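In the numbering used here, the protein residues as written are 680 to 1030. Working notes, structure below.
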Amino acid sequence: MKTIKVKASVEYDVIIDKDILSRAGELSVPVCGVCSACIVTDDTVDALYSRELEESLASAGFKVIKFVIPHGEASKSTASLVSLLEFLAENKMTRSDCIFALGGGVVGDLAGFAAAVYLRGIKFIQLPTTLLAAVDSSVGGKTAVDLAAGKNLAGAFHQPSLVICDYKTLGTLTPEIFADGCAEVVKYGIINDRPLFELLQSGIRENLEEVIASCVLNKSKIVAADEFDTGMRQLLNLGHTVGHAIEARSNFGISHGCAVSMGIAIVTRAAVKLGICPAADLADVLDILKKYSLPTVCPYGADELVDTALGDKKRFGNTISLVLPFAIGDSRLYKINVSELKDFIQKGLEK
Ligand code: NAD
Ligand code: GLY
680 MKTIKVKASV EYDVIIDKDI LSRAGELSVP VCGVCSACIV TDDTVDALYS RELEESLASA
740 GFKVIKFVIP HGEASKSTAS LVSLLEFLAE NKMTRSDCIF ALGGGVVGDL AGFAAAVYLR
800 GIKFIQLPTT LLAAVDSSVG GKTAVDLAAG KNLAGAFHQP SLVICDYKTL GTLTPEIFAD
860 GCAEVVKYGI INDRPLFELL QSGIRENLEE VIASCVLNKS KIVAADEFDT GMRQLLNLGH
920 TVGHAIEARS NFGISHGCAV SMGIAIVTRA AVKLGICPAA DLADVLDILK KYSLPTVCPY
980 GADELVDTAL GDKKRFGNTI SLVLPFAIGD SRLYKINVSE LKDFIQKGLE K
């Protein structure tokens, strides 16, 4: 078992262990008391893990209700949010009650946003069941739903009161969904953790507890320093500006993890061509992505990506902030003029 303390505007623990879902009730009582618990989950996770959570909460004295969404990004919508808020109200949930988000990033982001706005804010606990949620989305308090105009366009910063990560649950992920999370794990190694990057060379599944704990520790330090994403938290977007453009260009046919992997490959190649990053580090980055069945070659040209990339949230006036690896374990924010972006992407696309 590993416990990591996140010191944001709210302090909370991230507990990482195998087989702790059955202890969720007793672990939650100290942070939210015995209250009404609304489990939010999706239909896939519901069939696999809800019963264990419900039994644990009920035996600790919680009154349990459950809200189930269809699995998939389409459920991270304003319609789901409104249905969930109405469900909380119909069931007379009060400010002293608590939401339990059991699932991947879709469930966590939706349930977290509902917790942020219901009665102007109630507590919520994250119980991540995908690798991506375990290492990234369950920690740090970014909550959101998608709008027709784009992903995550309505949201709030609202920190969870506790994160309970039972990594036994990752055993039922498909290889593709597990690989999506691997892209985020590789990202942390390249940002600021060369020892983690080296650990990945011996295997993520073989070192799951240590890998998740390292990622969470990295994220917790970044969130403590820049909770509201005005500076160094943007480092967590390594590969994401170009990755989001690839995802959007594919109409979301290319998964987030695969798009981020291509984005990491593109910015690292460009960093080498700019003389910023050693070529040997590029070779190691491409090897590790391939080891985790992640793509490094993008099917689109710079022309097709640049407009979408310019619509990114990290654009300020005529400059856009990219995250570039200066070496594995040393990534930095790097501002370029928007007029240089196409040439930058072009450099990263060429082998
Ligand atoms: P997801 O929540 O859609 O889960 C992927 C799929 O895995 C779903 O079909 C789900 O039903 C299934 N699944 C979940 N747990 C399972 C398990 N244990 N066994 C079998 N199947 C399981 O996707 P995700 O990749 O977890 O999260 C992506 C979302 O996270 C996106 O909406 C993204 O915007 C968001 N995100 C948020 C943050 C943040 O900081 N808040 C960070 C990164 C990503
Ligand atoms: N996943 C990016 C962040 O939490 O800031």
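All C-beta atoms in this analysis are idealised placements derived from N, C-alpha and C, irrespective of residue type, glycine included. Model, not experiment: these values are computed from the prediction.
Listed in chain order, the beta strand (DSSP E) runs fully inside the stretch 835-864 are 841-845, counting runs of at least 3 residues. As computed with DSSP, Asp692 is found in a beta bridge with Lys684.
Not one heavy atom of the ligand NAD falls within 7 Å of the beta-carbon of His837. Residues of the same chain with a CB within less than 8 Å of the CB of Val890, apart from the 5 flanking positions on each side, are Val814, Val864, Leu875, Leu878, Leu879, Ile883 in chain order.
Judged by DSSP secondary structure, Cys717 falls within the beta strand (DSSP E) whose first and last residues are 715-721. Within the same chain, Cβ atoms closer than 6 Å to the Cβ of Leu832 are found at Leu826, the five residues on either side in sequence being excluded. Listed in chain order, the non-local C-beta contacts of Glu926 below 7 Å within the same chain comprise Ile933, His935, Ala938, local neighbours out to five positions each way being set aside. If you check the CB distance, Thr822 and Ala795 come in under 8 Å.
Looking from the CA of Thr920, the closest CA among Glu765, Lys1014, Ser816 belongs to Lys1014.
Ranked by Cα distance from Tyr971, the first of Ser940, Val985, Cys714 is Ser940. Distance from the CA of Ser701 to the CA of Leu732, rounded to the nearest whole angstrom, comes to 6 Å.
Comparing C-alpha distances from Ser688 to each of Ala903, Ala768, Pro854, Val842 shows the shortest one belongs to Ala903. With 16 or more other CB atoms across the displayed protein chains lying within 10 angstroms of its CB, Gly704 is buried. Excluding its 5 nearest sequence neighbours in each direction, Val785 has C-beta neighbours in its own chain below 8 Å: Asp721, Ile748, His750, Gly751, Glu752, Ser754, Lys755, listed in chain order. Sequence-distant partners of Cys956 (beyond 5 residues in either direction) whose C-beta falls short of 8 Å from its own C-beta, in its chain, are Thr947, Ala950, Leu1003, Pro1004, Phe1005, Ala1006.
Taking a C-beta distance under 8 Å as the contact criterion, Leu887 and Tyr846 qualify as a contact pair.
Not one heavy atom of the ligand NAD sits closer than 7 Å to the Cβ of His923.
For the set Val985, Ile695, Ala793, the Cα lying nearest the Cα of Lys681 is the one of Ile695.
Leu917 sits in coil when the DSSP states are folded into three classes, being neither helix nor strand.
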